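Asks: Under our numbering, the first residue of the sequence shown carries the number 1467, and numbering increases by one thereafter. Even for Gly, the Cβ is constructed at its ideal location relative to N, Cα and C. Model, not experiment: these values are computed from the prediction. Structure in structure tokens, see below.
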Amino acid sequence: MFDYIVVGAGSAGCVLASRLTESGRRSLLLLEAGPRDTDFWIHVPLGYGKLFARTDVNWAYESEPEPALNDRRIFTPRGKVLGGSSSINGLVYIRGQREDFDGWAVPGWGFDDLLPYFRKSEDQSRGADPWHGVGGPLAVSDLPRHELCDAFIASAMALGIPRNDDFNGATQEGTGYYQATASRGRRCSTAVGYLRPAEKRPNLKIEVDALATRIHFRDRRAVGIEFRKNGEIHTVRAGEIILCGGAFNSPQLLQLSGVGPRALLERHGIPVVHDSPGVGADLQDHFYVRTFWRCRKPITLNDDMMSLRRMALVGLRYFLFRQGPLTVSAGHAAAFVRTRPDLKRPDAQLYFINFSSAKRGGVLHRHSGFTCAVSQLQVESRGSVHLRSADPAAAPAIRYNYLATENDRRVMIEGLKLVRRIVNTAPLRDYVRAEYLPGPGVQGDSEWLDYCRGMGETVFHPTSTCRIGAVVDEKLKVKGLRGLRVIDASVMPAVPSGNINAAVIAIAEKGADLVKEDA
Ligand SMILES: Cc1cc2nc3c(=O)[nH]c(=O)nc-3n(C[C@H](O)[C@H](O)[C@H](O)COP(=O)(O)OP(=O)(O)OC[C@H]3O[C@@H](n4cnc5c(N)ncnc54)[C@H](O)[C@@H]3O)c2cc1C
1467 MFDYIVVGAG SAGCVLASRL TESGRRSLLL LEAGPRDTDF WIHVPLGYGK LFARTDVNWA
1527 YESEPEPALN DRRIFTPRGK VLGGSSSING LVYIRGQRED FDGWAVPGWG FDDLLPYFRK
1587 SEDQSRGADP WHGVGGPLAV SDLPRHELCD AFIASAMALG IPRNDDFNGA TQEGTGYYQA
1647 TASRGRRCST AVGYLRPAEK RPNLKIEVDA LATRIHFRDR RAVGIEFRKN GEIHTVRAGE
1707 IILCGGAFNS PQLLQLSGVG PRALLERHGI PVVHDSPGVG ADLQDHFYVR TFWRCRKPIT
1767 LNDDMMSLRR MALVGLRYFL FRQGPLTVSA GHAAAFVRTR PDLKRPDAQL YFINFSSAKR
1827 GGVLHRHSGF TCAVSQLQVE SRGSVHLRSA DPAAAPAIRY NYLATENDRR VMIEGLKLVR
1887 RIVNTAPLRD YVRAEYLPGP GVQGDSEWLD YCRGMGETVF HPTSTCRIGA VVDEKLKVKG
1947 LRGLRVIDAS VMPAVPSGNI NAAVIAIAEK GADLVKEDA
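The structure is reproduced here in structure tokens:
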């Protein structure tokens, strides 16, 4: 019997496990389906690529065929390890825009309500200011500078995009370098930042390789969790159960336990505890399309990986000094831009990456090359996550429903055209040998849209499948039931503008305070 059971030791779950046990007065069981985060590549930022499709630390889902993407299934990595997706993610530290949180229009969840939690979580290497905090568990630091990134930023500025050295400060708009959730060249997942200092506490018990399979209810109160470990079924009881399984697994566990749309549950022969149509509905994600460029100068990571000598030097530099390309992950430089001048805030994020590969996480191209990608920020399309089977070990059916609205299509087309303009502007233009993909065959809007349909993928920011208002209330309690909360990416009413790990962590920090208030 515990005071709390937290299901899922991901970005949010590790925050909850740490904050709810820090007083020493409450006991907590943290259940994680994956293993401990001992794998070497988890802690090396560029190791992200190595973990992309590994099924021992990654759920490695495939979506259902996407109607707007030529019926392609979209490969969908998710962390399955202590730290969850924060152990395998791209380390990019972005919070989103004030208007995102204010636009949720939920009392207590506006930007000014969340800013103290962004600051509380943060250990900003540049020091504290009104936007940033120091001394928090999440290390945030600068990336190394690179000639090609400097050229990208200068070209964007030549087109009138303002310089911005802090996308998480007064405004997100502009071009500059990303910051990363890393410290001295090592990844700072929530397992590293939050859990490691907490895990020796006698009131915290961590079970890894433990898949939660069902929530037990008595009189509409959640009273326990059934989990499977080493082939055996265990049942544990708690005063309160907190689901932190992420935007795919939290709705899945609710549905497996009889909380979800009635027709879906009945189709799978699951007794209905609470008919809640919003569970698994309203999935949002950022859609992402890459363009590839051949580079004139052998200064890309592709070049490093083509030469044994250079590869050895990269490794040596990292092991001796924790410096160099291995300290950079999924994004290096960026631009947050408005695709139409009449807009009040950026609606597209451009990623600049100093390498290129046909498949993400796959081998790099055998030529000097870089990548410039686009992602829409304020997505309108919504999809769903629903059980495919009543077997808790089976993957759920993920339907992103990308590009479902005219504006979603238009922003991607305009963003990609802007990428081409930036790359063809000096000084970056002088580094370009050729446009590798899409190439000169793509010119008109319909050709760009076809390119999106053929190339587009997820950039891994699923949210909103147990959103505040529909499934949980403002205190993140599951509506219509007692003793049960969801605290993770799935409660966001809409996906924020940019990478979402920082926002998940801020939500978990606030969620921990809400749980403590009730206790
Ligand atoms: C490849 C990749 C790259 C990304 N890059 C970035 C980036 O650069 N910047 C950024 O800000 N964001 C990035 N993200 C997104 C960000 O990391 C996630 O949105 C965030 O980590 C989600 O946090 P969460 O707590 O909701 O879920 P997760 O961190 O995914 O945690 C869920 C945890 O619950 C566990 N779990 C699930 N079901 C069960 C069960 N039934 N029983 C027990 N345990 C269970 C899982 O194994 C997992 O550990 C990326 C994500 C991925 C996958």
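Where does K1810 fall in DSSP's three states?
Replies: Correct three-state label for K1810: coil.
Asks: Suppose you measure from the CA of A1729 to the CA of F1577; what does that come to, to the nearest Å?
Replies: Distance between the alpha carbons of A1729 and F1577 is about 37 angstroms.
Asks: How about V1925 and Y1754: do their beta carbons lie closer than 7 angstroms?
Replies: Taking 7 angstroms as the Cβ cut-off, V1925 and Y1754 qualify as a contacting pair.
Asks: DSSP on D1770, reduced to helix/strand/coil?
Replies: In this structure, D1770 counts as helix in the three-state DSSP scheme.
Asks: Just how far apart, CA to CA, sit I1681 and L1720?
Replies: If you take the alpha carbons of I1681 and L1720, they lie about 8 angstroms apart.
Asks: For ligand 1, any of its heavy atoms closer than 6 angstroms to the Cβ of S1551?
Replies: Yes.
Asks: Considering only the beta carbon of each residue, do I1736 and G1724 sit closer than 7 angstroms?
Replies: In this structure, G1724 lies closer than 7 angstroms to I1736 by Cβ.
Asks: In angstroms with no decimal places, state the Cα-to-Cα distance between F1714 and R1775.
Replies: Each residue's Cα considered, the two are about 43 angstroms apart.
Asks: Heavy atom of ligand 1 less than 6 angstroms from the Cβ of S1477, yes or no?
Replies: Checking the Cβ of S1477 against ligand 1 gives yes.
Asks: So, for L1749: in the same chain, excluding its five sequence neighbours on each side, which residues have a beta-carbon less than 8 angstroms away from its beta-carbon?
Replies: Around L1749: A1713, R1848, G1849, S1850, V1851, I1864, R1865, Y1866, N1867, P1928, T1929, S1930, T1931.
Asks: Could you tell me if the beta carbon of G1576 falls within a distance shorter than 6 angstroms of some heavy atom in ligand 1?
Replies: It does not: the Cβ of G1576 is nowhere closer than 6 angstroms to a heavy atom of ligand 1.
Asks: In chain order, which continuous runs of the beta strand (DSSP E) of length 3 or greater are located wholly inside the region 1919-1979?
Replies: The region 1919-1979 contains these whole beta strand (DSSP E) runs: 1950-1952.
Asks: Closer than 8 angstroms is the cut-off here; do at least three beta carbon pairs connect the region 1621-1636 with the region 1592-1601?
Replies: Touching, yes, given that three or more Cβ pairs across the two stretches are closer than 8 angstroms.
Asks: For Q1789, is the classification buried or exposed, using 16 other Cβ atoms within 10 angstroms of its Cβ as the cut-off for buried?
Replies: Exposed: under 16 other Cβ atoms inside 10 Å.
Asks: Going by CA-CA distance only, name the one from K1825, G1781, D1979 that's closest to W1507.
Replies: W1507 has its Cα closest to that of G1781, out of K1825, G1781, D1979.
Asks: For the pair the region 1534-1549 and the region 1944-1959, tell me if three or more CB-CB distances fall below 8 angstroms.
Replies: Touching, no.
Asks: Buried or exposed: S1773, going by 16 or more other Cβ atoms within 10 Å of its Cβ?
Replies: S1773 is exposed by the Cβ-count criterion.
Asks: Given a threshold of 16 other Cβ atoms within 10 Å of its Cβ, counted over all protein chains shown, does L1625 qualify as buried or as exposed?
Replies: It is exposed - the Cβ of L1625 has fewer than 16 other Cβ atoms within 10 Å.
Asks: Near A2050, what residues of its chain come up, given a Cβ to Cβ distance below 6 angstroms and the 5 sequence neighbours on each side ignored?
Replies: With the chain covering only 1467 through 1985, there is no way to say anything about residue 2050.
Asks: Assign Q1909 to one of two classes, buried (16 or more other C-beta atoms within 10 Å of its C-beta) or exposed (fewer than that).
Replies: Exposed, because fewer than 16 other Cβ atoms sit within 10 Å of the Cβ of Q1909.
Asks: Could you check where the beta strand (DSSP E) with R1899 kicks off and where it finishes?
Replies: That run of the beta strand (DSSP E) goes 1898-1903.
Asks: Roughly how many whole angstroms lie between the Cα atoms of S1587 and L1482?
Replies: The straight-line gap from Cα to Cα measures roughly 12 angstroms.
Asks: Note down the Cα distance separating R1561 from I1971, rounded to an integer number of angstroms.
Replies: Whole-angstrom Cα-Cα distance: 10 angstroms.
Asks: Using beta-carbon positions only, say whether R1762 and R1899 come within less than 7 angstroms of one another.
Replies: The answer is yes: Cβ separation under 7 angstroms.
Asks: What are the boundary residues of the beta strand (DSSP E) that includes R1492?
Replies: Careful: R1492 lies outside any beta strand (DSSP E) and carries neither H nor E.
Asks: Please find out if some non-hydrogen atom of ligand 1 comes closer than 6 angstroms to the beta-carbon of V1473.
Replies: Correct: V1473 has its Cβ closer than 6 angstroms to ligand 1.
Asks: Going by the C-beta, is L1557 closer than 6 angstroms to any heavy atom of ligand 1?
Replies: L1557 Cβ: within cutoff of ligand 1.
Asks: Beta strand (DSSP E) containing F1758: first to last residue?
Replies: Segment 1753-1761, the beta strand (DSSP E) holding F1758.
Asks: Judging by CA-CA distance, which residue of K1695, A1688, V1658 is the nearest neighbour of A1676?
Replies: Here the closest residue by C-alpha is K1695.
Asks: If distances are taken between C-alpha atoms only, which option among I1819, P1743, M1921 comes closest to L1614?
Replies: Of the listed residues, the one whose Cα sits closest to L1614 is I1819.
Asks: Measuring only the C-alpha atoms, how far is A1620 from S1912?
Replies: Cα to Cα, A1620 sits roughly 30 angstroms from S1912.
Asks: Quick one, which of D1984, K1666, P1862, Y1559 has its alpha-carbon nearest G1746's?
Replies: The shortest Cα separation from G1746 among D1984, K1666, P1862, Y1559 belongs to P1862.
Asks: Mind checking whether S1823 and L1830 have CB atoms under 7 angstroms apart?
Replies: It is a contact, given that the beta carbons lie within the stated cut-off.
Asks: Taking the alpha carbon of F1821 as the reference point, which residue from E1665, P1812, V1794, G1922 has its own alpha carbon closest?
Replies: Per the Cα distances, V1794.
Asks: Please list the terminal residues of the continuous beta strand (DSSP E) segment that includes T1679.
Replies: Counting along the chain, the beta strand (DSSP E) containing T1679 begins and ends at 1677-1684.
Asks: Going by DSSP, what residues sit across from S1823 in a beta bridge?
Replies: DSSP output for S1823 lists L1830 as bridge partner(s).
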